[in-house]
Every structure is written in structure tokens, then in C-alpha cells.
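Protein chains in written order, with the working numbering: chain A, 1 to 120; chain B, 1001 to 1114. Each residue gets a CB set at the ideal place from its N, CA and C atoms; glycine is no exception.
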């Protein structure tokens, strides 16, 4: 099984530039999640999709951050313009929908290796 | 804000010993999940325990859940050097048709010395 593919693995860019990160989820996973991992806060949810619709983007730190999933498959996370405080590892995850069975049925999330972003 | 809080933050043991990590959370949950992360790699799902379950086993892993105390523990028996990693608990508060998301703790860094 192919896992989640995130690109690039590392990104180094200057303040003020536009950063675009990409995530290819596991085939068939209609839920896709973007997280940010910092030393101080740990892993925090930024936004997540069900198919092509954003379900929740309350975790996006500012309007400089935006996420899209135009056809319900891959997703991009854009930071425009980037600031030094945006340096972190950005992690994508995906999962199948919950089972339609009993109330307590669930599916685990599968995670990518992340993109390490450094803003100079 | 953090939902899960792991304890201890770091744990160092010898190979063959058991490792116990604890997780406390604040709100009602649908399930609790444990993940493992090796340095520089993505999170790997270990085990999911539902709120109506009290204990679950998977190989050398044993997870307990006490919803009255809002706490969970992960026990790794007969640890190996390859178990060295960070371990995270994550809670899922979604119910039924709602599509909840995971809230992670900051993790326990486990070091198993050969």
C-alpha cells in the first residue's frame, strides 16, 4: 500500500515568499487533515476536509494560511506571505470515513512524514 | 489547547523491562488512540480503544482506558531497543455521523537501552 505522500520533504524560503505544500492521501481516504508540529505546541490541527469540502479550518493561525482540495484527492496548503514564525513541520493525514455501524466504530488516521518548512 | 497530556515526558529503561506511559484528557471522547513516531518520520497508528472498552491488547502492547478518570495507559512489555520512539495519545470526540478530529498530547519520549 502506498502511504501518504507529502512534498517537498524540506522547504527553505525567505520571508514574504509564497509557500505551497502538497499532500497526496492514501487512495480511497476521503478525509484529509493538515497539522502543524512545533516544538512549543506539539501537533495542532489546522484544517480538514471531507472529500473536497473543508469541514473545519478554525485551526488556521491567520488568513495567510489557506488549504484546498479541488477534486477531493490531493490537497495543497498555502502560506502567503510566509513569516519566520511559520517555520515548523507540516503534517498531512488521511482516513477512511467512520464505519456506518455501531456508534463507537471508528477509523484511525494515517500520517505522512511531513514537510519541514524553514522561513529565513 | 491540549486535550491529551502524556506522562512522563521522557522515560529511559533497559531492554527487557516494561514501559508504561499515561495519558489524561479533559472532555468526553468517542475513542482514544496511541501513535508512535520515530525521529524524522510520520506518526504510526498503534492501537485504538473505544470509549466502551476498558482494555485492549496488540502484540506486546496493552492499552487501558478509564473514562471515569479520563485517563489511559499504554504498556509495552519486554521492551526492545527498536521501541525507542516518541509515543502520543490522541482523543477523538466525534460521535456517530459527526466527523470529529484528533487532538494530540505532546508525547512521551521513550528510550530503551540495549
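query	result
CB contact below 8 Å: residue 1059/B versus chain A	no
Alpha carbon of residue 104/A to alpha carbon of residue 1030/B, nearest angstrom	Residue confidence is low: residue 104/A scores 49 on pLDDT, short of 50, so the model does not pin down where it sits. Its coordinate-derived value is still stated next. Distance between the alpha carbons of residue 104/A and residue 1030/B: 6 Å.
Proximity test, Cβ basis, 8 Å: residue 112/A and chain B	yes
Residue 82/A versus residue 88/A: straight-line alpha-carbon distance, rounded	12 Å
Inter-residue CB distance, residue 1037/B and residue 1086/B (contact presumed, cutoff 8 Å)	5 Å
8 Å Cβ cutoff, residue 91/A in contact with chain B	yes
First and last residue of the uninterrupted beta strand (DSSP E) at residue 1076/B	1071-1076
Contact under 8 Å by Cβ, residue 109/A with residue 1045/B	yes
Residue nearest to residue 68/A in terms of C-alpha spacing, selected from 46/A, 85/A and 86/A	46/A
Any chain B beta carbon closer than 8 Å to residue 33/A	yes
Min CB distance residue 108/A to chain B below 8 Å	yes
For residue 6/A, the three-state DSSP class (helix, strand or coil)	strand
Coil, strand or helix - residue 1001/B by DSSP	In this prediction, residue 1001/B has a pLDDT of 40, which is less than 50 and means its spatial position is unreliable; nothing more can be read from the coordinates.
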